[in-house]
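Engineer: Be aware that the sequence shown starts at 9, since it is given in the numbering used here, and climbs by one per residue.
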Amino acid sequence: MVVGRAVCIVAGRDDILLQDPSLETELARIVEQGQQRGETRAGVDCDQAGQLLATCYFTAILRWIREEPAPFDLRQRLAEALDIILLGLLDDEAT
């Protein structure tokens, strides 16, 4: 729902949205709820996680709307980015 709402308005108001912390606040709240359920690491700063997720989202959106035709499938790009953020960059054996 959060992603859908932001996608609908980002194309025409990207300058305002990038200054509006509502998406990162909502994502921070989701991360915090995940902590309470034991789904995300307890030591993670929820506000920083929300900011990271929102930044990744807006970066993908801005790159996607800059070109015609779209340079990549937006859903796939966001899913892949989320996968990297949630699972990390390091191999299990490297940690």
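In this text, a Cβ means the ideal position worked out from N, Cα and C, and glycines have one as well.
Starting from glutamate 5, trace the alpha helix (DSSP H) in both directions and tell me its first and last residue.
Structural biologist: No statement about residue 5 is possible, as the shown extent of the chain runs from 9 to 103 and does not include it.
Engineer: Enumerated in chain order, which unbroken segments of the beta strand (DSSP E) with a length of 3 residues or greater are wholly contained in the segment 44-74?
Structural biologist: Listed in chain order, there is nothing to give.
Engineer: Which one of Cys64, Thr33 and Arg49 has the shortest CA to CA distance from leucine 86?
Structural biologist: The residue with the shortest Cα to Cα distance from leucine 86 is Cys64.
Engineer: I'd like the list of long-range same chain contacts for alanine 62, defined as Cβ closer than 7 Å, with 5 residues on each side in sequence excluded.
Structural biologist: Only Leu31, Glu32 and Leu35 meet the Cβ criterion.
Engineer: Rounded to whole angstroms, how far is the Cβ of phenylalanine 66 from the Cβ of tryptophan 72, which I believe are closer than 8 Å?
Structural biologist: Not confirmed; about 10 Å, so no contact.
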